[in-house]
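What follows is a single structure, written as structure tokens, with notes after it.
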Amino acid sequence: MANPKKKKTHSKTHTGRAHLALKKVSLTKCPKCGEMRKPHTVCAFCGTYKSKEVTKPKTKAVKKK
371 MANPKKKKTH SKTHTGRAHL ALKKVSLTKC PKCGEMRKPH TVCAFCGTYK
421 SKEVTKPKTK AVKKK
């Protein structure tokens, strides 16, 4: 079985993991309703994608007193 000849230093370990950091989620404004959403996805609030209605919009629940 292959084993490393020498111990890998902390700096070499950290530079190797440099690309593993989490990235910020990019958000864009929906052109129809103005809510923030991920790009290239259907808007969860109005149900449109590329100015076409794809799904039915979610209705907000009204509390009864």
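Throughout the sequence shown, residue numbering follows my numbering, covering 371 to 435 in sequence.
Yeah, the Cβ is synthetic: ideal placement off N, Cα and C, and Gly gets one too.
H410 has its alpha-carbon roughly 9 Å from the corresponding atom of T398. As for any alpha helix (DSSP H) of minimum length 4 sitting wholly inside the region 403-430, there is none. The C-alpha of T385 is placed about 19 Å away from the C-alpha of K375. Across the set N373, S381, P401, the C-alpha of P401 shows the shortest separation from the C-alpha of K420. Distance from the Cα of S396 is smallest, within the candidate group T425, S381, G404, K408, for K408. Rounded to whole angstroms, the separation of the alpha carbons of T379 and K394 is 29 Å.
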